[in-house]
Amino acid sequence: MSVELSFCVVNTERRALLRYCLDAIARERATLDFGVEVLVLDHASADGSAAAARDHPATTEVIALSERRPDAANETLLLQRARGRLCLLLLEDSELEPGATAALHAALDADARAGAATAQLVGPDGDALPSAWSFPRPWGRLPGLERHAVQSRGDAVRRVDWARSTALLVRREAAEAVGWLDASLPPPGDALDFCRRLRRAGWCTLYVPTARAVYHELPAR
């Protein structure tokens, strides 16, 4: 079976969470009616993460880096290495809930101009977290208006400005057309810039509330 979707996981020194992430991918994989692969990029971890990824039955390939690089460079490497038409970018602390992959896949397929689609992020307690935002505007940081920047609202699929790559399904064709992610920008600017370039090239980003992913929100790298 040809590869339709590539799961692309970036891990940094979080072996236990990586296992949860891969366990969730394995559950998702068993329900899908199209071909998938699972790529894990280990970001120079010293906790045995690369070995744990290789030993996991869901994993197709492990890319073990010997030194750390910008997140956008790692995500671009995974996108370029992937064989799937679509690539689901995940961090090791993102745990897909049942049906998330199929919901993202359906949403992207239903909109021919969608270059990316983000899941609804929730915390370990199940409470919704901001998942998509509007592009910065001059008034965006004024007191009392910060809430207007969050676009991840409602129960229907909707177009949004940008989303992080925490649980982001990307159309490889669109990513390649805009030149992948910019490794010179730190998170979350790299994701914001990527979605902005998608927009300028005629693509859009979707928010898919029926696709949920638990984001464990550990401290930033």
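Quick note on our numbering: the sequence shown kicks off at 38 and runs consecutively. For each residue, glycine too, the CB sits at the ideal point set by N, CA and C. Here the structure is a predicted model, which is why all the values come from computation and not from measurement.
Boundaries of the beta strand (DSSP E) harbouring residue 44: 40–48, taken from the DSSP string.
The beta strand (DSSP E) runs lying completely inside the region 150–236 and spanning 3 residues or more are 151–159, 195–197 and 204–208, given in chain order.
Just measuring C-alpha positions, the residue of 169, 253 and 236 sitting nearest residue 225 is 169. A Cβ-Cβ distance of about 5 Å is found for the pair residue 167 and residue 187, placing them in contact under the 8 Å criterion. Residue 115 carries a helical assignment under DSSP once its states are collapsed to helix, strand and coil. In the DSSP assignment, residue 244 is bridged to 155 and 195.
In the structure shown, the three-state DSSP call for residue 125 is strand. The way I'd put it, the region 83–95 doesn't touch the region 103–118; fewer than three beta-carbon pairs between them come closer than 8 Å. Annotation: residue 91 to residue 243 spans about 32 Å, alpha carbon to alpha carbon. If you draw a 10 Å sphere on the C-beta of residue 171, you find fewer than 16 other C-beta atoms in it, and that means exposed. By the neighbour-count criterion, in which 16 or more other beta carbons inside 10 Å mark a residue as buried, residue 68 falls on the exposed side. The DSSP-derived three-state label of residue 148 is coil. Counting only the Cα atoms, residue 227 lies some 10 Å from residue 217. Here the C-alpha atom of residue 119 lies approximately 31 Å from the C-alpha atom of residue 192.
Of the candidates 132, 215, 204 and 140, the residue whose Cα lies closest to the Cα of residue 239 is 215. Judged by beta-carbon spacing, residue 132 lies beyond the 8 Å limit of residue 51, meaning their Cβ atoms are not closer than that value.
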